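Numbering (our numbering), first residue to last: 6 to 327.
Every residue gets a Cβ at the ideal spot worked out from N, C-alpha and C, and that includes glycine.
All of these numbers come straight from a predicted model, not from anything done at the bench.
Report on the following structure.
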Amino acid sequence: MLSKLIVAMTLRMPRWFVRWVSRRYVAGSTLDDAVRVMQRLQAEDACFTIDVLGEEISSMDEANFFLEEYVRVMNAIVEHNIDANLSIKPTAFGLLIDEVKGFENIESLVRQASEHDMFVRLDMEDHRVTTETIQVVLKLHEKGLTNVGTVLQGRLHRTLEDISDVESELGPMADYRICKGIYLEPEEIAYTSRKDIRKATNDAIKESLVKGAYVGIASHDQAVVDFSLNALDELKMGPGHSDSRSNAGGVRKGKGPGYEFQMLLGVCGPLRRKLAKQGHRTRVYIPYGEMWYEYSIRRLQENPTIGLQVAKAFLMPWSNRP
Ligand code: FDA
Numbered sequence: 006m007l008s009k010l011i012v013a014m015t016l017r018m019p020r021w022f023v024r025w026v027s028r029r030y031v032a033g034s035t036l037d038d039a040v041r042v043m044q045r046l047q048a049e050d051a052c053f054t055i056d057v058l059g060e061e062i063s064s065m066d067e068a069n070f071f072l073e074e075y076v077r078v079m080n081a082i083v084e085h086n087i088d089a090n091l092s093i094k095p096t097a098f099g100l101l102i103d104e105v106k107g108f109e110n111i112e113s114l115v116r117q118a119s120e121h122d123m124f125v126r127l128d129m130e131d132h133r134v135t136t137e138t139i140q141v142v143l144k145l146h147e148k149g150l151t152n153v154g155t156v157l158q159g160r161l162h163r164t165l166e167d168i169s170d171v172e173s174e175l176g177p178m179a180d181y182r183i184c185k186g187i188y189l190e191p192e193e194i195a196y197t198s199r200k201d202i203r204k205a206t207n208d209a210i211k212e213s214l215v216k217g218a219y220v221g222i223a224s225h226d227q228a229v230v231d232f233s234l235n236a237l238d239e240l241k242m243g244p245g246h247s248d249s250r251s252n253a254g255g256v257r258k259g260k261g262p263g264y265e266f267q268m269l270l271g272v273c274g275p276l277r278r279k280l281a282k283q284g285h286r287t288r289v290y291i292p293y294g295e296m297w298y299e300y301s302i303r304r305l306q307e308n309p310t311i312g313l314q315v316a317k318a319f320l321m322p323w324s325n326r327p
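Structure (structure tokens):
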């Protein structure tokens, strides 16, 4: 109830207020803003993944904008010598408008990124595109482009099966970000209680580590982080160890020893810095772009609990320092 109330209130707030709140979570409106934020956070031993804000589009012209903007991002990463890769939303490249063209756009970016040995992560959107997003990754690997992976959402019932299917196709080249999943999905296909989502996310993290995949552990939930640290320990993975899993791929440029922790810009900085201090590779997700307002509002509408977390972060700043 409280979350919904916060969302309703935010929708009535002036744009400047939403901008003020979102400043903490969004690097800014321009690529220069994103570069500045990354240069600052480099001092905290972080590496990065960059997200140009925007999602489902209504014309293929918009898809061209995203392709061009990501090429600019890629060039900026190289020019400024930043330890960063790319996170893209497949629907922003046109996947839901024209599957063939959408695929070609993604392929074009992944191919250009491969020339710089740069990784491209396909963010996972809602359940309408789960299968298609995984298929895009498999098809790109089939074409010899191995610098690409996707995200699997703990809350979806299908995730353990997806891990098994992708592992049988890609073997040690499987590379996932595992997160809880931000979209509130129907109970026919997803866990809906906090406890079940956390358990399913932990299971997915463990399963993908056991199966030899590279795993981006993307959570600010202390219980998930603790579970992951234990799982890494059991598998003799962690700071100071090279990846000793017999079913894992070799060392990849810009990656940790079989895993890394990932967090969103502005969220749980102390936990991220603690992990970095312990020697874990930590990656910060850096969203930027003109569409910061639409992005902030859509996130709130999709998942009103974010409203509660944002409000908590402001009213009790000690609970979530950037
Ligand atoms: P949980 O929601 O329980 O949060 C734990 C604590 O973290 C909260 O108590 C609060 O203190 C803090 N917190 C979390 N989010 C906050 C926020 N927005 N503002 C303030 N405090 C916050 N999802 C998806 O569906 N597809 C995707 O591709 C991605 N990609 C992605 C990348 C990265 C790097 C991260 C970290 C997350 C995603 N997600 C995502 C989002 C993810 O699925 C999930 O919704 C959020 O990470 C919140 O879940 P937690 O595991 O952090 O736990």
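CA-to-CA, the gap between A228 and N207 works out to about 9 Å. Cβ contact annotation for M43 (same chain, cutoff 7 Å, sequence separation greater than five): F53, I87, A89 and I291, in chain order.
Distance from the Cα of R17 is smallest, within the candidate group K317, R326, L305 and T310, for L305.
Contact between M178 and G254 holds, with the beta-carbon distance rounding to 6 Å and staying under 8 Å. For P262, no alpha helix (DSSP H) run applies, since DSSP gives it neither H nor E. Looking only at K106, Y293, H225 and V256, the smallest Cα-Cα distance to Q314 is reached by H225.
Restricting attention to N235, M123 and G284, the CA atom closest to the CA of H246 is found in G284. Secondary structure within the segment 89-128: the alpha helix (DSSP H) runs of 4 or more consecutive residues, fully enclosed, are 104-120 (chain order).
Counting C-beta pairs with one atom in each stretch, the segment 126-144 and the segment 181-197 have three or more that are closer than 8 Å, which means they touch. Looking only at E104, R24 and R29, the smallest Cα-Cα distance to V289 is reached by R29. With fewer than 16 other CB atoms across the displayed protein chains lying within 10 angstroms of its CB, I194 is exposed. Counting along the chain, the unbroken alpha helix (DSSP H) around L143 starts and ends at T135 to E147.
Taking the CA atoms as reference points, Y181 sits about 25 Å from I62.
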